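Visitor: Dropping a structure here in structure tokens format, bear with me for questions.
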Amino acid sequence: MVTPAIPTVVVAAPASGSGKTTVATGLIGALSRAGHRVAPFKVGPDFIDPGYHAVAAGRPGRNLDPNLVGPDRVAPLFAAGCAGADFAVVEGVMGLFDGRIIDDDLDGTGTGPALGSTAHVAALIGAPVIVVVDASGHSQTLAAILHGLRSFDPSVDICGVILNRVGSPRHEHVLRQACDRVGLPVFAVLGRATELVVPSRHLGLIPAVEHGGAARTAVDAMAQLVSATADLPAVVAAGRARRAMLGPVWSAAEEVAVARARADVRAPRRPIRVAVAGGAAFTFSYAEHAELLAAAGAEVVAFDPLQDGLPEGSDAVIVGGGFPEEHVHTLAANVGLLDQLRAHADAGRPIHAECAGLLYLARDLDGHTMADVLPVRGHFGPSLTLGYRDAVALADSTVFTAGARITGHEFHRSVVEPIGPAQAAWGWRRVGTSMTDGVIAGSVHASYLHTHPAGAPESVVRLVDSAAAVTGEAELVPGHTSSVRSTHVRTHP
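The numbering of the sequence shown is our numbering, which starts it at 7 and goes up by one.
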């Protein structure tokens, strides 16, 4: 299959805080109300905005991040996410040309392109850009700003403007004149009084899953606002001007087949039951993760650590990111599940945890008893740790092989304190300083690093095959000795 030239628009802005999420979510909802089947996307690693996109579109929101999956996978992942849709809306990240800060990279040069910027992704998928402008402090000078955005990189196709936080009809008139001066049409005008605010806290917006029915109400209001103010036919026409991008469509099955061929391991003889934590405390996941697990031979079963026990017959457990600090009392009260997780780890069955999952597997979190699977304690503080990391696996685990390289993303306000000897999971260099992160303890791999499974499909295959090896369901290619071994090690004091 080749990448289809589905009509697409990218919603960008000159800077963060301009209203991209409101506009993009509202546009997805408005187009859906108008009868379109909209495929929603978010540039970058953000887990939260795609949740609101999913509510608006009625289908999963997906991420496009060249840092996490590599530039070559962006267009194929985009094409796969567009299956069954007739229009795509991509919400950008930060300002149009803002991307990874290169001095956070291994070479420390501070030079090079803004990898993963909205402009970069728009070029990779060949899509036109709509610029959302926070007009509250702008007048005629807006023309110069728009001119600068267009001339900075002529390969970026800026097709129009949405004016946000406009103060009055007179203000709108002046801003429209500025847009006319640089030849850009205005697709919508949103006033200050009609601005919508989605509840937020220390790490950004509250996820749609946590926001509950109020999320649906907020999304409906955004869709109504855009429906009432936007020239949707003009937006659709702009999207239809998308350049055709020929290339492959991402396939979970093909990625798994390649990974298995490299490992000389066949699929397990029976489906491997993988329990994936969800609910309000663990909301962070990428849509491709479940797809890769299924392709690798897993039966994916969701459970909510706030109220559920571990699904019966679980061969492996995945606990992703989220906000355990907001639900710490309820998590601590579910003693039955905490006991089950310890027993699961003691039996050598794999657990893969990221960020919030790391805290959940700790002995305690700010004094509240957690799963006590890892020899660490968790604490929350005022400092934010944020950024991409080019990491190297420091030891073999049930998820990664020693020496495996991956780019991940950190985003947290907590720290973990070791209370016993432990093998670090990851190492990297940051501005000339060696850093380590996470814990490998027996069959458990836990760290702060958020990874995108599409960027490392072999890690998903290894998790499933590790679980199969414990249960005796692994099937090796004749003459091959598996590097995945069952490890029965008690991982807590």
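Backbone N, C-alpha and C define an ideal beta-carbon position, used for all residues, glycine too. Since the structure is predicted, the reported quantities are computational estimates derived from the model, not experimental observations.
Measuring CB atoms only, is the segment 412 to 425 touching the segment 455 to 464, in the sense that at least three cross pairs come out at less than 8 Å?
Guide: Contact between the segment 412 to 425 and the segment 455 to 464 is present, because at least three Cβ pairs lie under 8 Å.
Visitor: Output the distance between the C-alpha atoms of PRO239 and VAL262, rounded to the nearest integer angstrom.
Guide: If I take the Cα positions, the gap works out to 41 Å.
Visitor: Just the C-alpha distance for SER38 and ASP226, rounded to the nearest angstrom, thanks.
Guide: Whole-angstrom Cα-Cα distance: 11 Å.
Visitor: Which class does MET100 belong to by DSSP, given the choice of helix, strand or coil?
Guide: Coil at MET100, not helix or strand.
Visitor: Give every residue of the same chain whose Cβ lies closer than 6 Å to the Cβ of ARG156, excluding the five residues on either side of it in the sequence, and list them in chain order.
Guide: ILE164, listed in sequence order.
Visitor: Taking C-beta to C-beta, are LEU102 and ALA18 nearer than 8 Å?
Guide: Yes, Cβ-Cβ distance for LEU102 and ALA18 is below 8 Å.
Visitor: Select from GLY166, PRO72, CYS88, LEU400 the residue whose C-alpha is nearest the C-alpha of ALA243.
Guide: The candidate whose alpha carbon is nearest that of ALA243 is GLY166.
Visitor: Where does MET376 land, buried or exposed, given buried means 16+ other C-beta within 10 angstroms?
Guide: By the 10 Å Cβ count, MET376 comes out buried.
Visitor: Pick out whichever of LYS26, VAL29, ALA473 has its Cα sitting closest to the Cα of PRO274.
Guide: Nearest C-alpha to PRO274: ALA473.
Visitor: Which residue's Cα is closest to the Cα of VAL195: ALA236, ALA184, TYR58, ALA267?
Guide: Per the Cα distances, ALA236.
Visitor: Within the chosen definition, does the segment 91 to 98 reach the segment 15 to 34 through at least 3 CB pairs nearer than 8 Å?
Guide: Judged by Cβ distances under 8 Å, the segment 91 to 98 makes contact with the segment 15 to 34, as three or more pairs qualify.
Visitor: Within a Cβ cutoff of 7 Å, which residues of the same chain sit near LEU121, ignoring the five residues on either side of it in sequence?
Guide: Excluding sequence neighbours, LEU121 sits near PRO72, ASN73, GLY105, ARG106.
Visitor: Answer yes if the segment 167 to 185 comes into contact with the segment 141 to 149, meaning at least three C-beta pairs across the two stretches below 8 Å, and no otherwise.
Guide: Yes: the two stretches touch, three or more of their Cβ pairs being nearer than 8 Å.
Visitor: Output the boundary residues of the alpha helix (DSSP H) element that contains ASN340.
Guide: It is not in any alpha helix (DSSP H) - ASN340 carries neither H nor E in the DSSP assignment.
Visitor: Within the continuous beta strand (DSSP E) that includes VAL44, where are the two ends?
Guide: First-last of the beta strand (DSSP E) with VAL44: 44 to 49.
Visitor: Compute the distance between the beta-carbons of ALA149 and VAL188, then report whether it is under 8 Å.
Guide: Result yes, Cβ atoms of ALA149 and VAL188 sit closer than 8 Å.
Visitor: Where does THR375 fall in DSSP's three states?
Guide: Looking at THR375 - three-state DSSP - the assignment turns out to be strand.
Visitor: In this structure, does DSSP put ALA258 in helix, strand or coil?
Guide: Helix, per DSSP.
Visitor: Leaving aside the five residues before and after PHE309 along the sequence, list all residues of the same chain whose C-beta is less than 6 Å from its C-beta, in chain order.
Guide: Once the five neighbours on either side are set aside, the close Cβ partners of PHE309 are ALA281, PRO317.
Visitor: How should GLU423 be labelled, buried or exposed, when 16 other C-beta atoms within 10 angstroms of its C-beta is the threshold for buried?
Guide: Label assigned to GLU423: exposed.
Visitor: Is it buried or exposed, PRO13, if we count other Cβ atoms within 10 angstroms and call 16 or more buried?
Guide: It is buried - the Cβ of PRO13 has at least 16 other Cβ atoms within 10 Å.
Visitor: If we count the other Cβ atoms within 10 Å of its Cβ and call it buried at 16 or more, is VAL341 buried or exposed?
Guide: The residue is exposed, with fewer than 16 neighbouring Cβ atoms inside 10 Å.
Visitor: Would you mind working out which of SER420, MET441, HIS153, ASP396 sits nearest ALA430, comparing C-alpha positions?
Guide: Selected option, being the one with the closest Cα: MET441.
Visitor: Could you give the C-beta distance for PRO56 and GLY67, rounded to a whole number, given that I count them as a contact under 8 Å?
Guide: Confirmed, Cβ separation roughly 3 Å.
Visitor: Taking the alpha-carbon positions, what's the LEU347 to VAL379 distance?
Guide: Rounded to the nearest angstrom, the two C-alpha atoms are 8 Å apart.
Visitor: Strictly by DSSP, which residues pair up with SER420?
Guide: According to DSSP, SER420 bridges with PHE386.
Visitor: Quick test of your reading: LEU298 and ALA258, contact by CB under 8 Å. State the CB separation rounded to the nearest angstrom.
Guide: With a Cβ gap of about 5 Å, LEU298 and ALA258 count as contacting.
Visitor: Going by beta-carbon coordinates alone, are ILE278 and ASP345 separated by less than 8 Å?
Guide: Cβ atoms of ILE278 and ASP345: not closer than 8 Å.
Visitor: Give the DSSP-derived three-state secondary structure of ASP111 in the structure shown.
Guide: The pLDDT assigned to ASP111 is 41, lower than 50, so where the model puts this residue is not dependable, and the model offers no usable value.
Visitor: What three-state label does DSSP hand GLY426 in the structure shown?
Guide: Correct three-state label for GLY426: coil.
Visitor: Please classify TYR500: does DSSP put it in a helix, a strand, or coil?
Guide: Residue 500 lies beyond the stretch modelled for the chain, which goes from 7 to 499, so this question has no answer here.
Visitor: What's the gap between the Cα of ARG539 and the Cα of PRO213?
Guide: No answer is possible for residue 539: it lies beyond the span of the chain, which begins at 7 and ends at 499.
Visitor: Report the rounded CA-to-CA distance for ALA125 versus SER22, giving the unit in angstroms.
Guide: Whole-angstrom Cα-Cα distance: 14 Å.
Visitor: Can you tell me the Cα-Cα spacing of LEU169 and TYR58, whole angstroms?
Guide: So the two alpha carbons sit approximately 21 Å from each other.
Visitor: Taking its Cβ as the centre, do 16 or more other Cβ atoms sit within 10 Å of ALA301, making it buried, or is it exposed?
Guide: Under this definition ALA301 is a buried residue.
Visitor: Would you call the segment 355 to 365 in contact with the segment 441 to 452, where contact means no fewer than 3 C-beta pairs closer than 8 Å?
Guide: Touching, yes, given that three or more Cβ pairs across the two stretches are closer than 8 Å.
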